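Below: the structure, in C-alpha cells.
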Amino acid sequence: MTRALVVEDDRALARALAITLRASGYEVVTAATGAEGVAAAASAHPDVVVLDLGLPDMDGLDVLAAVRGWSAVPVLVLTARSTGDDAVEALDAGADDVVTKPFGMDVLLARLRAAVRRGPSEVAEPVVRTASFDVDLARRLVLRDGAPVRLTPTEWHLLELLARAPGRVVPQQLLLAELRGPHLRGDGHYLRVYVAQLRRKLEPDPSRPRHLLTEPGVGYRLEV
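Using numbering that gives the first Met the number 0, the final residue of the sequence shown is 223, and nothing's skipped along the way.
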C-alpha cells in the first residue's frame, strides 16, 4: 500500500484529503504543522508527500528544504497563492509538482499517481560519516573508532534529526517539537542538556566541539 503524508493545517481540507486518499487505496499519515511534517517524513517513511505552503509555524518551503536534506520522496505542493512565483520557487526547491487551491480531487489523485510513478518507492538510508564518528541511520547505530557508542533513545533521536541534514542548521523549535511535542518548544535548556551529553560521548574535545555545533538563537547543526 502506498503511504501518503499530508501536511496541511486546514482541518477540514486535511480530513477531506485523508478520506479521499484512503478511499483510493492509500495509507495516510497527517501532520498539521511544519515541524510535525518534517518529523513524520523522517519517521513514517512516506512514498509521497502532499505539502501545503501556508503552515502556521514555518514556511512550507522550509519544510521542503528540510525533507530534501535526506530524502528524494515525491512532494506535491499545495498553494492558495495565485501568482506563479510560488510554483516556480517550490519547483526550484525540489517539489515534484504544484497544485493551486481550489482543486478537484480527481486532478490531485492523478498528479499523485504520476508523482509516485516517477519517484523512488524506497530511498536507501545513508551512513553519515564525520571525522570522529559514523552515524548509521538505517541500523540506528553510532560508531566511534569502530566501536558502538551507547546512546539513550533521546540522544539518538536528536542525533538522527541532525544527521538527516548534515551541514544544515536544524531550527531549535523543530527539534523541540519532535523531541518533546509541539507545546514545549520554548525550553531551550532541554536541548542544551542533550547536546552536551552527545558532545561528551562523540566529540574529541567536548569543550571545543567540531561536529555538534550551536547556531546561537537559531538551532544546531552536524558538521562532518
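Just so it is clear, CB atoms sit at the ideal spot from N, CA and C, and this is done for glycine as well. Model, not experiment: these values are computed from the prediction.
Query                                                                                                                                                               : Result
Please state the DSSP three-state secondary structure of VAL192.                                                                                                    : helix
Output the boundary residues of the alpha helix (DSSP H) element that contains ALA41.                                                                               : 33–43
According to the neighbour-count rule (16 or more other Cβ atoms, all chains shown, within 10 Å of its Cβ), is PHE102 buried or exposed?                            : exposed
Tell me whether GLU154 sits in a helix, a strand or coil according to DSSP, three-state version.                                                                    : helix
How many angstroms separate the CA atom of VAL76 from the CA atom of PRO203?                                                                                        : 42 Å
Which residues in the same chain as GLU7 place their Cβ atom closer than 6 Å to its Cβ, once the five residues preceding and following it in sequence are excluded? : ALA13 and ASP51
Which value, in whole angstroms, describes the spacing of the CA atoms of ALA34 and GLY145?                                                                         : 34 Å
Pick out whichever of THR151, LEU158, ALA114 and ALA64 has its Cα sitting closest to the Cα of ASP135.                                                              : LEU158
Rounded to the nearest angstrom, what separates ASP58 and VAL126 at their Cα positions?                                                                             : 29 Å
In angstroms, rounded to a whole number, what distance separates the CA positions of LEU197 and ARG110?                                                             : 43 Å
What separation, rounded to the nearest whole angstrom, lies between the Cα atoms of ARG199 and LEU221?                                                             : 15 Å
For TYR193, I'd like the list of residues in its chain whose CB is within less than 7 Å of its CB, leaving aside the five on either flank, ordered along the chain. : THR153, GLU154 and LEU157
How many Å lie between ALA79 and ALA64 at the Cα?                                                                                                                   : 20 Å
Tell me which residues share the same chain as TYR219 and place their Cβ nearer than 8 Å to its Cβ, disregarding the 5 neighbours each side in the sequence.        : LEU161, VAL168, VAL169, GLN171, LEU174, LEU190, VAL194, LEU211, LEU212 and THR213
Once the 5 residues before and after ASP46 are set aside, which same chain residues still bring their CB inside 8 Å of it?                                          : THR1, ARG2, ALA3, VAL72, PRO73, VAL115, GLY118 and SER120
When the Cα atoms are used, what is the spatial distance from ALA30 to ALA15?                                                                                       : 14 Å
Specify the secondary structure class of ALA146 as computed by DSSP and reduced to three states.                                                                    : strand
Identify whether GLY216 lies in helix, strand or coil by the three-state DSSP scheme.                                                                               : coil
For GLU88, which of VAL106, LEU178, VAL223 and LEU60 has the nearest alpha-carbon?                                                                                  : LEU60
Helix, strand or coil for GLU177, going by three-state DSSP, please let me know.                                                                                    : helix
Would you identify the three-state DSSP class for ASP9, choosing helix, strand or coil?                                                                             : coil
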